[in-house]
Amino acid sequence: MEINFNVHGKQRKKLVEQIAEYTQQRAEYQYTPTYAYQIGKYTVSKDGNLLSPDEIPAELVTYLKQQGFTSSETVKLNITYRRNELTDQDLDNLRHLIWAKGQSIKDACQLNSLSLTIDDQRVSFDWFTEVNTDDAPAYQQLIDKLVQYAKSHQRIMSTPRDESNEKYAFRCFLLRLGFIGPQYKTQRKVLLKNLTGSAAFKNQEA
């Protein structure tokens, strides 16, 4: 995940210091060619972007805002898993799952494609360019739950189907993935808001 704070010079150094204080991690300057700072798992680039291999906690963003650092309203999502975390069967399951629910996922997240980049080291989801800051955690959790679902099933052989009520069908799919309970209310709202139909009733005339 990447958040742009657009700070340079002394302000960037102050941002690094605040992140180090919040995380209780030492900041290490990386010198050429990146000129970035490394603070534990976090990186602050030379352009003042905060990067993390996974989700950046909202609490950290709020803390930085209280210190005077305001992020842009959009963030870049760079979602990557280590290749050795997934077996070949896991990847087959993931491909089938994405293929079966691909159109609904694209509609829900307003995406043009659902491409995966796979090499010997990593599996990358090249889905998002820039997304709204408030929506980013829901999109990240969707991908994580897709991966966990693929890993927890021996074999997935799903096929696409036409849904007369896309919102209801996708809500049921989210529940199958584990978006259950009040703790996922916000995520469900984000992931259903761009779909047509009724989330409450299978038949829209109900």
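Numbering follows the working numbering, in which position 196 of the sequence shown is assigned residue number 260; successive positions increment by one, without gaps.
Even glycine gets a Cβ: it sits at the ideal position worked out from N, Cα and C.
For residue 250, the three-state secondary structure derived from DSSP is helix.
The beta-carbon distance between residue 135 and residue 67, rounded to whole angstroms, is 5 Å. This is short enough to meet the 8 Å contact definition.
Taken in chain order, the complete beta strand (DSSP E) segments of 3 residues or longer contained in the region 77-106 are 91-93, 101-103. For residue 225, there is no enclosing alpha helix (DSSP H), since its DSSP letter is neither H nor E. For the pair residue 157 and residue 214, the CB atoms are nearer than the 7 Å cut-off. In this structure, residue 207 sits near residue 189, with a CB-CB distance shorter than 7 Å.
For residue 129 and residue 165, the gap between their C-alpha atoms comes out near 37 Å. Three or more Cβ pairs closer than 8 Å define a contact, and the region 112-125 falls short of that threshold against the region 166-175. Residue nearest to residue 103 within the set 81, 195, 112 is 81 (criterion: CA-CA distance).
DSSP places residue 219 in the coil class of the three-state scheme, outside both helix and strand.
Of the other Cβ atoms in all chains shown, 16 or more fall within 10 Å of the Cβ of residue 261; this residue is therefore buried. C-alpha of residue 178 to C-alpha of residue 211: approximately 14 Å in a straight line. Put simply, the backbone Cα of residue 168 is about 14 Å away from that of residue 254. Taken atom to atom, the span from the alpha-carbon of residue 138 to that of residue 201 is near 12 Å. Around the CB of residue 105, fewer than 16 other CB atoms lie within 10 Å, so the residue is classed as exposed.
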